[in-house]
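Peer 1:
There are 2 protein chains.
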Amino acid sequence: MDERRTDTREQIRTIALELFAEHGYDKTSLREIAERLGVTKAAVYYHFRTKEEILVSLIEDFLREVDDIVGWAASQPAGPATRNGVLLRYSDLLEGRTTQLTRFLQEGQASIRDLAAGAEMRKRIESLVGILSVADGAEEARLRARVALITLHIGSIAGPDSEATDRQRRDAALRIAQELVGR
Amino acid sequence: MDERRTDTREQIRTIALELFAEHGYDKTSLREIAERLGVTKAAVYYHFRTKEEILVSLIEDFLREVDDIVGWAASQPAGPATRNGVLLRYSDLLEGRTTQLTRFLQEGQASIRDLAAGAEMRKRIESLVGILSVADGAEEARLRARVALITLHIGSIAGPDSEATDRQRRDAALRIAQELVGR
DNA sequence: GTCTATAAGGTGATAGAC
DNA sequence: GTCTATCACCTTATAGAC
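Respectively, the protein sequence lines represent chains A and B. First residue of the first sequence? That's 1 in the numbering used here, and the numbers climb one at a time after it. First residue of the second sequence? That's 1001 in the numbering used here, and the numbers climb one at a time after it.
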């Protein structure tokens, strides 16, 4: 019954994600996180042993959801319908709460590159790329798959052109991604 | 005749670019740059007043070359041929020496975002997006243009699939980009 | 479970000698 | 033109009181 340890831990995660998405991981300090939450740095260290551990806990949520998608795809016959299903599911994943994380993952790759969690992320992306590639081993097919995923990322992040709604941007990105992996 | 002030300044730029591309801007310290060059930090500060100034001088080279492309496009009639010309020129720009900068710009967006040079970069990208958009004002067209540029970036950075040559990757990226902005 | 106090070290940057 | 020495500050992280 040690469920729900207080929600301080969850609040730290929420604030950290906000700040990571806003200024990047490197430029966000523990002092900033603690201050924004109204506690001391030591309080943060009670819940997470290192700064990196906060990031890892955030990324792990994302990895689990990607694993679900990869797992689903493995249970389906390879083909256009499955590829399309993967794109749809991945697009849904990037919506809502995950959008901040998406922005952070897309813009802050340099911060994550050398971390263990970064290697794990790359593995998952490679799994998706493998599934989304029309022709196995063909270089262009893999590049297309990679670009399709990035398109969904870009589509989920608000751009400088504020005219379109989130939904319009997301749908446009999905159409482009579908086209890229060959409908 | 104060041409060629010693090439120390140029060496600092070269090493800094290497390190920025490798570890990111934030994680690269002046100490690291100075040590790699075999001089002291103070020596670096003689040539650049701040760390940011090193980065800015690197980015400015890139901006100038993008400006050339934008200028060329302005002198051409709008249409598929001009769009294709822009893609070709931009792809060439990303080749060779600029590849390190490309990687840095693509992966280290978070570091640059809040800098004045970052705002300048975004302006230039927006110019290119405007030129590459088939239909003015259409959201999907702009997204397509944006993705086309990113595709060229990705194509110029070596991926985890080492089988293909640089040229093959670059050409594949160019084909995809051309398709995205409607040939 | 959260605090104060502090450690240990790295950072960007400057002043002034050589 | 490059050095040594140093500053002021911020960082992540820990020990131990409350």
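Beta carbons are placed, not taken as given, at the ideal position from N, Cα and C, and that holds for glycine.
Under 8 angstroms, with one C-beta from each stretch per pair, do the region 1148 to 1156 of chain B and the region 122 to 129 of chain A reach the 3-pair mark?
Peer 2: The region 1148 to 1156 of chain B is not in contact with the region 122 to 129 of chain A.
Peer 1: Using 8 angstroms as the Cβ pair cut-off and three pairs as the minimum, do the region 21 to 29 of chain A and the region 56 to 69 of chain A touch?
Peer 2: Too few Cβ pairs lie closer than 8 angstroms, so no.
Peer 1: Where does K1027 of chain B fall in DSSP's three states?
Peer 2: K1027 of chain B falls in the coil class under three-state DSSP.
Peer 1: What does the Cβ neighbour count give for G1108 of chain B, buried or exposed, with the cut at 16 atoms within 10 Å?
Peer 2: The residue is buried, with at least 16 neighbouring Cβ atoms inside 10 Å.
Peer 1: For T151 of chain A, return the contacting residues in chain B, with the cut-off set at a CB-CB distance below 7 angstroms.
Peer 2: Per Cβ cutoff of 7 angstroms: V1147.
Peer 1: Considering only C-alpha positions, which residue in the set B:F1104, B:V1147, B:A1135 and B:Q1168 is nearest to F1062 of chain B?
Peer 2: The residue with the shortest Cα to Cα distance from F1062 of chain B is B:F1104.
Peer 1: For Q109 of chain A, return the contacting residues in chain B, with the cut-off set at a CB-CB distance below 7 angstroms.
Peer 2: Result: E1107.
Peer 1: Could you tell me the distance, in whole angstroms, from the CA atom of Y90 of chain A to the CA atom of A1110 of chain B?
Peer 2: In a straight line, the C-alpha of Y90 of chain A is about 23 angstroms away from that of A1110 of chain B.
Peer 1: For R1049 of chain B, which three-state DSSP category applies?
Peer 2: The answer is coil: DSSP assigns R1049 of chain B none of H, G, I, E or B.
Peer 1: Show which residues of chain A have a CB atom less than 9 angstroms away from the CB atom of Q1168 of chain B.
Peer 2: Result: E139 and E140.
Peer 1: Rounded to a whole number of angstroms, what is the C-alpha to C-alpha distance between E140 of chain A and M1121 of chain B?
Peer 2: One C-alpha to the other measures close to 28 angstroms.
Peer 1: Within the chosen definition, does the region 38 to 58 of chain A reach the region 6 to 24 of chain A through at least 3 CB pairs nearer than 8 angstroms?
Peer 2: Counting Cβ pairs under 8 angstroms, three or more are found: they touch.
Peer 1: For R1097 of chain B, name the three-state secondary structure that DSSP assigns.
Peer 2: Three-state DSSP puts R1097 of chain B in coil, outside helix and strand.
Peer 1: Just by C-beta distance, which residues in the region 3 to 29 of chain A are closer than 8 angstroms to chain B?
Peer 2: Per Cβ criterion, the list reads H23, G24, Y25, D26 and K27.
Peer 1: Does the beta-carbon of A158 of chain A, which I'm using as the reference point, lie nearer than 6 angstroms to any heavy atom of the ligand GDP?
Peer 2: Among the components of this structure there are no ligands whatsoever, and the ligand GDP is therefore not found.
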